[in-house]
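Engineer: Encoded as structure tokens, here's the structure I'll be asking about.
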Amino acid sequence: MSNTTVPLRPDLKLIADLIEPGARVLDVGCDDGALLNHLVTEKQVDGRGLEISQQGVNACVAKGLFVMQGDADNDLTEYPDGSFDYVVLSKTLQAVHRPRDVLLDLLRIGTKAVVTIPNFGHWRVRLSLLRRGRMPVTKSLTKAWYNTDNIHFCTILDLFELLEAEGIKISQFVPHTKDGKRLSLGTLRANWYADQALFLIEN
Amino acid sequence: MRGIEGHTAQLFAAEALTLDSGVMLSSVTVGFETYGTLNAAGSNAVLVCHALTGDQYAASKHPLTGKPGWWDRLIGPGKLLDTDKYFVVCSNVLGSCLGTTGPWETNPKTGKPWGLDFPVITIRDMVRVQAALLDHLSIEKLFMVIGGSMGGMQVLEWLTTYPERLNSAVALATAARHTAQNIAFHEVGRQAVMADPHWQGGAYYGEAEKPDKGLAVARMTAHITYLSEDALTKKFGRNLQARDAVTFGFDADFQVESYLRHQGSAFVDRFDANSYLYITRAMDYLDIARRYDGRLADAFKGAANVRCCVISFSSDWLYPTVENKQIAHAMNAAGVPVSFAEINSPHGHDAFLLEEPEMDQMLAGFIGAAAKSGELEP
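Written out as structure tokens, the structure reads:
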């Protein structure tokens with residue numbers, strides 16, 4: 007059923023490492039189901055996905071995964087309280103309309119949530135904005151401000167602040183590079199040097 | 312009974328069928344078709360549920376119209392429902408008119424056609440009869456139950472009533488209840504039939520004339536709901552029918568009128584007006600959540616081990632995406648493993664019967680994965 011020969015993308019591996027075997031997992035924005043499939047076959051989780059693209063849905067279904075076509079903004083409210091051990095939101099928070107509501111929904115539905123974000127506080131982004139005076143278009147931010155799906159960018163510090171304000175506990179903070187390499191950095195330095203960051207959060 | 316090709320089974324001879332209405336129906340005849348072969352373990356059976364005016368000839372030539380089966384595209388050797396692997400069963404629903412007990416058939420108590428003495432039935436009653444047919448065929452558990460529109464409603468009732476007899480279930484373009492608008496359209500159709508003087512309170516069997524005009528109008532109305540506005544516009548626009556200008560009369564000036572008239576008149580040759588009343592009523596009565604204090608999720612609590620797939624179509628305004636998605640979310644909330652997608656299609660409600668590559672791809676993936684998990688394939 008599952009293709010285990012394809013290695014898991016390093017940034018997804020970071021997430022997978024946090025999930026306990028046999029857990030109930032909802033992957034929001036699960037794409038082609040790479041992470042879910044890994045978790046189902048390697049960690050025997052009860053995995054479900056939420057994915058907006060038909061291509062992604064079909065890829066998941068063909069892997070034998072169970073996925074709902076939909077998105078974080080509109081569909082999370084339909085999931086019952088406490089129905090999952092983990093809810094995963096990987097590099098999607100910046101693309102939702104109401105990030106705060108989505109974060110709260112993640113922890114309503116799941117006991118824990120794994121959230122990863124692209125860090126808009128990275129020095130390259132700051133330098134680009136400083137030098138060019140225009141919204142950065144980089145290798146990882148390929149679209150211009152007017153047609154990008156990323157409508158709510160934040161920095162690592164921003165997310166820390168929001169989570170704190172909402173009284174959400176951060177159990178793990180893993181700043182990392184684009185290639186999923188962990189960086190041993192404190193919050194402030196991570197905000198300068200980490201392309202991305204992973205937050206394991208709970209109430 | 313009219314001369315119907317294919318198999319029939321006599322069910323409920325020993326013990327009468329108790330309908331949702333409370334009425335007992337003893338001895339039910341069922342007309343059905345099968346494709347492929349049941350394997351030794353009896354584990355490869357697929358039940359295909361047909362829509363309102365569909366029938367058991369899902370993949371065989373229709374005995375009255377001579378046309379290919381309505382799901383010929385999907386059922387056959389090497390097709391999505393591969394009859395080299397699966398044993399496909401499709402039966403005419405209770406209340407219909409192609410070999411299964413319904414108002415057209417003889418009431419054993421009077422020796423005359425039932426007419427309006429036939430009890431009002433529900434979707435779940437149809438499913439009870441299908442379950443008895445499976446007993447008759449020695450099929451304990453289905454590999455899959457699948458259907459679109461009213462067929463999808465039967466799939467949902469299978470999940471509420473006999474979840475332990477299912478490995479997987481696919482519901483397409485369907486709803487767990489009829490909305491006011493759904494009921495309204497059906498009522499127009501029924502009133503058209505009943506307003507036809509030849510209907511005679513349903514006692515037209517054996518008469519020279521049947522309520523064909525009324526039934527044709529009912530079909531014309533319903534047919535509009537099966538297509539999208541876009542599809543109608545693309546197909547007909549304001550094109551005129553074999554003329555250069557409007558005639559300032561009430562002839563079928565427009566192609567769309569001519570098309571609908573044809574749909575209506577072709578329909579009466581293969582369908583019974585009273586059956587149309589009974590089956591539309593059964594659909595109107597559907598409200599699964601109502602049996603569970605309004606909580607649809609509770610209806611699917613017994614189906615946590617059934618792999619489910621729900622599909623809607625973007626231009627379907629009869630059973631729109633929101634209705635289908637609600638079903639999928641309810642299943643999800645009940646812990647049922649379910650996949651859902653809205654297929655982008657211009658074809659309206661009828662899309663589930665048509666060539667839809669994205670739907671085919673999703674179904675192929677779902678069926679393949681279900682077969683592997685059910686150890687039907689290595």
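So the protein sequences, as listed, match chains A and B.
Take the working numbering: the final residue in the first sequence is number 209, and no numbers are missing along the way.
Take the working numbering: the final residue in the second sequence is number 689, and no numbers are missing along the way.
We put the beta carbon where it would ideally sit given N, CA and C, even for glycine.
Treat the numbers as computed from the prediction; the structure is a model and nothing was measured.
Let me make sure I understand the geometry here. Which of B:I678, B:L467, B:E568 has the alpha-carbon closest to that of A:C66?
Structural biologist: Taking only the C-alpha atoms, the option nearest A:C66 is B:I678.
Engineer: Count the other C-beta atoms from every protein chain shown that fall within 10 angstroms of the C-beta of A:P13, then say buried if there are 16 or more, exposed otherwise.
Structural biologist: When all chains shown are included, A:P13 counts as exposed.
Engineer: List, in chain order, every chain A residue whose beta-carbon is nearer than 9 Å to that of B:A487.
Structural biologist: Within 9 Å Cβ-Cβ: nothing; B:A487 doesn't reach chain A, min ~15 Å.
Engineer: From the DSSP output, in three-state form, read off B:I457 for me.
Structural biologist: The answer is strand: DSSP assigns B:I457 an E or B state.
Engineer: Can you check whether the C-beta of B:K612 is within less than 8 Å of a C-beta belonging to chain A?
Structural biologist: Not an interface residue.
Engineer: Name the residues in the segment 70–90 of chain A whose C-beta lies less than 8 Å from a C-beta of chain B; which are they?
Structural biologist: Flagged, chain order: G70, L71, F72, V73, M74, Q75, G76, D81, E84, Y85, P86, S89.
Engineer: Would you mind giving the Cβ-Cβ distance between B:A482 and B:H660, rounded to the nearest angstrom? I have them listed as a contact below 8 Å.
Structural biologist: Not really, about 14 Å apart at Cβ, beyond 8 Å.
Engineer: Which residue's Cα is closest to the Cα of B:L391: B:L674, B:S684, B:E686?
Structural biologist: Looking at the Cα atoms, B:L674 is the closest of the given residues.
Engineer: Determine the DSSP secondary structure at B:N403, reduced to helix, strand or coil.
Structural biologist: The answer is coil: DSSP assigns B:N403 none of H, G, I, E or B.
Engineer: Taking C-alpha atoms, which residue in B:F559, B:T591, B:M531, B:Y596 lies nearest to B:Y570?
Structural biologist: Considering only alpha carbons, the answer is B:M531.
Engineer: Does B:G679 have its Cβ less than 8 Å from a Cβ in chain A?
Structural biologist: It does: the Cβ of B:G679 has a partner Cβ on chain A nearer than 8 Å.
Engineer: Nearest chain B C-beta to A:L64 closer than 8 Å, yes or no?
Structural biologist: Note on residue identity: the sequence assigns Asn, not Leu, to residue 64 of chain A. Yes, A:N64 lies at the interface with chain B (some Cβ there is under 8 Å from its Cβ).
Engineer: Counting only runs that start and end within the segment 469–500 of chain B, where is the alpha helix (DSSP H) found for 4 or more residues in a row?
Structural biologist: As far as the segment 469–500 of chain B is concerned, it has no whole alpha helix (DSSP H) run of at least 4 residues.
Engineer: Less than 7 Å separating the Cβ of B:W382 from some heavy atom of the ligand MG?
Structural biologist: This structure lacks the ligand MG; in fact it carries no ligand of any kind.
Engineer: With a threshold of 16 other CB atoms inside 10 Å of the CB of A:A196, please say whether the residue is buried or exposed.
Structural biologist: Result: buried.
Engineer: Check the C-beta distance from B:S656 over to B:S626 and give it rounded, since I have them as a contact under 8 Å.
Structural biologist: Confirmed, Cβ separation roughly 6 Å.
Engineer: Go through the segment 574–639 of chain B residue by residue and report every complete run of the alpha helix (DSSP H) that reaches 4 residues or more, in order.
Structural biologist: Taking only runs of at least 4 residues, the alpha helix (DSSP H) segments lying wholly in the segment 574–639 of chain B are 584–595, 607–610.
Engineer: Sort B:V466, B:D366, B:V579, B:G410 by Cα distance to B:R618 and report the nearest one.
Structural biologist: Nearest of B:V466, B:D366, B:V579, B:G410 to B:R618, Cα basis: B:V466.
Engineer: Are any of the Cβ atoms in chain B nearer than 8 Å to that of A:V67?
Structural biologist: Cβ-Cβ to chain B under 8 Å: yes for A:V67.
Engineer: From B:N550 to B:V567, what does the alpha carbon distance come to, in whole angstroms?
Structural biologist: Those two C-alpha atoms are separated by around 8 Å.
Engineer: Could you work out which residues of chain B lie near A:Q60, taking near to mean beta carbons separated by less than 9 Å?
Structural biologist: Within chain B, the residues near A:Q60 are A652, E653, I654, N655, E669, Q672, M673.
Engineer: Please identify, using Cβ separations under 7 Å, the residues of the segment 631–652 of chain B that lie next to chain A, in order along the chain.
Structural biologist: Within the segment 631–652 of chain B, the residues whose Cβ lies closer than 7 Å to some Cβ of chain A are A639, H640, N643, A644, P648, V649, S650, F651, A652, listed in chain order.
Engineer: Are the C-beta atoms of B:K521 and some chain A residue less than 8 Å apart?
Structural biologist: With 8 Å as the cut-off, B:K521 does not count as an interface residue toward chain A.
Engineer: Could one say the Cβ of B:K683 lies closer than 8 Å to chain A's Cβ atoms, at least one of them?
Structural biologist: For B:K683, the answer is yes, since a Cβ of chain A falls inside 8 Å of its Cβ.
Engineer: Distance check for A:N80 and A:A68, CA to CA, integer angstroms please.
Structural biologist: For A:A68 and A:N80, the distance between alpha carbons rounds to 25 Å.
Engineer: Which bits of chain A does B:G676 rub up against, with CB to CB less than 7 Å?
Structural biologist: Residues of chain A passing the Cβ test: N64, V67, A68.
Engineer: In whole angstroms, what separates the C-alpha of B:D595 from that of B:C408?
Structural biologist: Distance between the alpha carbons of B:D595 and B:C408: 19 Å.
Engineer: Going along the chain, which residues of its own chain have a beta-carbon closer than 8 Å to the beta-carbon of B:K612, five neighbours each way excluded?
Structural biologist: Cβ within range, chain order: A645, G646.
Engineer: Name the DSSP bridge partner or partners of B:N418?
Structural biologist: Note: B:N418 sits in a beta bridge opposite B:K423.
Engineer: Can you tell me where the alpha helix (DSSP H) holding A:C66 begins and where it ends?
Structural biologist: Residues 60–68.
Engineer: Note down the Cα distance separating B:L349 from A:V93, rounded to an integer number of angstroms.
Structural biologist: Rounded to whole angstroms, B:L349 to A:V93 spans 42 Å at the Cα level.
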